[in-house]
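Numbering (my numbering), first residue to last: 563 to 750. Take a look at the structure below.
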């Protein structure tokens, strides 16, 4: 379903060590996240992630963000993503895109802190993955940490109904590093 939506030139990519799980984040979505995180710093902020999955369900394409709910609350060390208006937003999204774009997970910021999920984050994401009503058995969590300024400061995780929390590594970096090493070796 998501094939062709995001390419390497229009997205950032993370992959699990086993290479089974892949998350692609559109550059436009990445910029929205950074702008929102910086605008709300030093408080945490976040929203739901909008996207779709590949036919086999192991590659996620994060295309956009849900709006920030008016009842969301952030502090320096915690964030509560509210629900005001989200039901209507997701109904309209489903209708507009005929179910081809939908909820795929959450993101939030950790200003001046590591981009790692808290125990609370883990519990909430696993609860979403295990909830059969959400129809999201493998839910994504993106955490932006430290200075809130680049993709190196992001933690990307998949929460699987069957496998628990899975850390993904930045594949976009390794491709760039591999390409730069190749060009250096060719010049020598």
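From the three backbone atoms N, C-alpha and C, an ideal C-beta is built for every residue, glycine too.
Per the C-alpha coordinates, the member of 713, 670, 672 positioned closest to residue 588 is 713.
Shown here for residue 733: same chain residues with a beta carbon closer than 7 Å to its own, the five before and five after excluded, namely 575, 576, 577 in chain order.
The residue from 722, 711, 717, 681 with its alpha-carbon nearest to that of residue 701 is 722. Across the structure, residue 619 and residue 689 are spaced so that their CA atoms are roughly 19 Å apart. The beta carbon of residue 632 is closer than 6 Å to those of 646 in its chain, skipping five residues each way along the sequence. Annotation for residue 651: no beta strand (DSSP E) segment contains it, though the alpha helix (DSSP H) segment containing it runs 648-658.
Non-local beta-carbon contacts of residue 678 in its own chain, meaning distances under 8 Å to residues more than five positions away in sequence, involve 672, 705, 707, 717 in chain order. With fewer than 16 other CB atoms across the displayed protein chains lying within 10 angstroms of its CB, residue 726 is exposed. In the three-state DSSP reduction, residue 702 falls in the strand class (E or B). Taking C-beta atoms as the reference points, residue 637 and residue 644 fail to come closer than 8 Å.
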